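Undergrad: My questions will all concern the structure given below.
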Amino acid sequence: MQGYLWLCSNMQHTRLWGTLHPFLEHSVVMGRCVANEGFLRALLHLDPYDGYHFFLPTRDAGAHLAQALCDTPAVRRGALKVATRLELPAALVRQPFHCFHLSDPMTEQPWLSALRNHLAPQVFPVTGVTHSLSYTRYGASLLAHMWPGCTRRDAIVSTSHAGCAVVGRMFANLRRGYGLTPEAHPQPQVLRMPLGVDPVSLPAPDPKARACERGRLGVGDELVLLVVGRIAHYAKMDLLPLFRMLQRAESCGLPRGEYLLVIAGQADADDGMPGILERMGALYGVRVRVVRSPDDATRNGLYAAADIFLSPSDNVQETFGLTLLEAAAAGLPVVASDWDGYRDLVEDGVTGFLVSTLGPAVSAGVDVAAPLLYDNQYHLLLAQQVAVDVEAFGASIARLAVSAALREEMGRAGRERVLARFAWESVVSRWVGLWDALWQEPVDEQCRMHAHPMAMSYADVFGGYPSARLDANLRVRATPAGLAVYGGREQATPYPGVAFMVPDEALHRLLFRARKGASLREICGHLLSGADRGGDAAPDMSASVPSAAGRSTSLMPDSPPTSPRGAGASEDAVPGGSLWSLPGNGDLTLEGLHFLVLWALKHDLLEVY
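In UniProt numbering, the protein residues as written are 1 to 609.
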């Protein structure tokens, strides 16, 4: 903590980008992981900010970041900093964060906004980007976003028009169900920003590279139809109807036996679905090649070798469709279902074909059971009620199969569209513009008055656990052990997780003031006013002062609550009453001093008399 505070003290005139998430995930390869890494790399290559601060659960959680991103300008100049979540509050007090951005807004974004309201000198933008939206628990997650402290600088950003509509309807359902008005319970803005791709990793079609990759597949002049996506009928798309679609395509001109269907995607080693797809191919007379969990080079090679890209998605777990962008960037025409974010990516009749879908009008049975089921169970129940037009999908495949000129024309148009709208550099530039624009949104300083209603007020809720609670009239004095610590004959031994709350200078000032005994009111009056350093007269300690929980903390019991910032506080004012305003140099706040007193009592450096 001390090292981070020292760093912060030397960066007062910088613009900082912050996050709570690493963006790089070493887990199953999914679209979310690919998109998050692509975004972060593009941001650090563009390098629009002075620093990039990652506040992670542990420092080890970010140990791989600098190494993995060492090729970016921001990392090469040392602008990437990793700290722990415990260091976040102090950083918010001292640092000029331009914005915070999360790779998922569902869990932590409301709590970050609440902490910002309480501690930050200014209300900076807080954004989070959605990926899958179909998890039943997300209703409760979005409810936490609707609270009096939410501002117009808070935004949930979805990657597609369809995703924005889903978030909007979820908020509307919550308002209707709980009777929440926008005036009393404002919500974040719902904005749209697409994902992107790196055109460099997916170059324009090249005859030599194409021939090489087709040789790896063992194909000559026959067509290669490519599907890329998680091989999961319950979470991505049901591929069994694809064989019926290919039957329809053969009846419309697709040469039977003269094409190869390649299915590439993440699949667990014990997953039987790849084997089922191969057996289905044999049953329908379709040559099938399943490529399990391809790495980037293998996947890009498949794009280079293919002729047509297919994606008959039918699952609400899908939101955007990153593989469609990858295929288009590689110059492939796309045949896809007319489904969610796919509509933003495929220009029907220009870069490929969108095929109509039909879904349920009522889902009450699944709705009520979903919270008690596994995600894959209710996703499968929903997906099996979505029908992609089999005949039209097959006819679209056939149209492309019989016309090399049409494939080339649509593939070229698709790549041009990706380069113009979806290159990561362009997308990240729009993110930077979005964060700048959010600063122009008005903010009512009254937002700082509100504690989040879902936050636990521990001192109040658990106030019945101890025999008594700290009181202004409590008289304490230094013990022999306390005097030994003050005199340097012994050392205080706080745990690492609280050591920053027990700085030596502050502890020594407390022990000196209590050496002859005094009331808590007297001790606080002197230490908070700086009187023991030759400061002004002690303040009236019977008045309430702000606390970190958004409630007043008073040395006198039963004081009425006050604003955590005070009515009419200016946006540039630094909060002074928080536990987290206590830095390592010994400056004190009331809540921080209460912590120090109780810690000293706990460890026999002070005693009640």
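By construction, the Cβ of each residue, glycine as well, lies at the ideal position given by its N, Cα and C atoms. Keep in mind it's a predicted model, so treat the numbers as computed, not measured.
Pairs of beta-carbons, one from the region 475-483 and one from the region 494-514, closer than 8 Å: are there three or more?
TA: Touching, yes.
Undergrad: Does the distance from the CB of A264 to the CB of M273 come in under 9 Å?
TA: In this structure, M273 does not lie closer than 9 Å to A264 by Cβ.
Undergrad: Taking Cβ to Cβ, would you say Y49 is nearer than 9 Å to H98?
TA: Closer than 9 Å, so yes.
Undergrad: Which value, in whole angstroms, describes the spacing of the CA atoms of Q446 and E490?
TA: Roughly 47 Å separates the two Cα atoms.
Undergrad: What residues in its chain sit with their C-beta under 8 Å from that of A120, if we drop five residues either side in the sequence?
TA: Excluding residues within five positions, the ones whose Cβ falls inside 8 Å are L92, V93 and F97.
Undergrad: In the structure shown, what three-state DSSP assignment does Y284 receive?
TA: In this structure, Y284 counts as helix in the three-state DSSP scheme.
Undergrad: If you follow the beta strand (DSSP E) that T127 is part of, which residue opens it and which one closes it?
TA: Start and end: V126 to V129.
Undergrad: Which one of V34, W17, P57 and L24 has the shortest CA to CA distance from L46?
TA: If we check each option's Cα against that of L46, W17 comes out closest.
Undergrad: Threshold first: 3 residues or longer. Then list the beta strand (DSSP E) segments lying entirely within the region 147-217, N to C.
TA: For the region 147-217, whole beta strand (DSSP E) runs of length 3 or above, ordered along the chain, are 154-158 and 189-192.
Undergrad: Is it true that the CB of V197 sits closer than 9 Å to the CB of E391?
TA: The answer is no: Cβ separation not under 9 Å.
Undergrad: Kindly indicate the opening and closing residues of the beta strand (DSSP E) around L223.
TA: Note, L223: beta strand (DSSP E), L223 to V228.
Undergrad: When DSSP labels each residue in this structure, what does K81 get in the three-state scheme?
TA: The answer is strand: DSSP assigns K81 an E or B state.
Undergrad: Just how far apart, CA to CA, sit F353 and D295?
TA: Distance between the alpha carbons of F353 and D295: 28 Å.
Undergrad: Give me the DSSP bridge partner(s) of L102.
TA: Answer by DSSP bridge pairing, in chain order: G128.
Undergrad: Would you kindly work out how many angstroms separate the C-alpha atoms of L590 and R509, rounded to a whole number?
TA: Cα to Cα, the separation comes out at about 14 Å.
Undergrad: May I ask you to verify whether the region 340-352 touches the region 370-381, counting CB pairs closer than 8 Å and requiring at least 3?
TA: The region 340-352 vs the region 370-381: no contact.
Undergrad: Please determine if the region 52-59 and the region 77-92 are in contact, where contact requires at least 3 C-beta pairs separated by less than 8 Å.
TA: The region 52-59 is in contact with the region 77-92.
Undergrad: If we call anything under 9 Å between Cβ atoms a contact, is V290 one with L277?
TA: Yes, these two residues count as a Cβ contact at 9 Å.
Undergrad: Quick one: what's E607 bridged to in DSSP?
TA: Its beta-bridge partners are R477.
Undergrad: At what residue ranges does the region 328-394 contain a whole run of the alpha helix (DSSP H), taking only runs of 4 or more?
TA: Runs found: 342-345, 364-369 and 375-383.
Undergrad: Hey, how far is the Cα of Q109 from the Cα of E183?
TA: Answer to the nearest angstrom: the Cα atoms are 20 Å apart.
Undergrad: Is it right to say P312 is buried, meaning 16 or more other beta carbons lie within 10 angstroms of its own, or is it exposed?
TA: So P312 counts as buried.
Undergrad: Candidates R216, L400, S396 and V346: which alpha carbon is nearest D307's?
TA: That would be L400, whose Cα lies nearest to the Cα of D307.
Undergrad: So which of D471, M454, A600 and M501 has the shortest CA-CA distance to L483?
TA: Answer by Cα proximity: A600.
Undergrad: What are the start and end residues of each continuous alpha helix (DSSP H) run of 4 or more residues lying completely inside the region 23-69, in chain order?
TA: Counting only runs of 4 or more, we get 31-46 and 65-68.
Undergrad: Do you know offhand how far I397's Cα is from L115's?
TA: The straight-line gap from Cα to Cα measures roughly 53 Å.
Undergrad: Ends of the alpha helix (DSSP H) at L242?
TA: Element bounds for L242: L240 to S251.
Undergrad: Classify I231 as helix, strand or coil using the three-state DSSP reduction.
TA: Looking at I231 - three-state DSSP - the assignment turns out to be coil, as it is neither helix nor strand.
Undergrad: Measuring alpha carbon to alpha carbon, tell me which of F171, Y234 and E250 ends up nearest D271.
TA: Closest by alpha carbon: Y234.
Undergrad: Please list, in chain order, all residues of the same chain as G139 whose beta carbon is under 8 Å from its beta carbon, the five residues on each side excluded.
TA: The residues are M170, N173 and L174.
Undergrad: Let me make sure I understand the geometry here. Which of V123, M146, V366 and P360 has the alpha-carbon closest to that of P442?
TA: For P442, the nearest C-alpha among the options comes from V123.
Undergrad: Among the candidates D60, L24, A35 and A83, whose CA atom is the shortest distance from the CA of G51?
TA: G51 has its Cα closest to that of A83, out of D60, L24, A35 and A83.
Undergrad: Determine which residues share a DSSP beta bridge with G18 and list them.
TA: Partner(s): H53 and F100.
Undergrad: According to DSSP, is A518 helix, strand or coil?
TA: Reduced to three states, the DSSP call for A518 is strand.
Undergrad: With DSSP collapsed to three states, give me the class of S113.
TA: DSSP places S113 in helix when its eight states are reduced to three.
Undergrad: On the criterion of 16 or more Cβ atoms from any shown chain inside 10 Å, does Y465 qualify as buried, or is it exposed?
TA: So Y465 counts as exposed.
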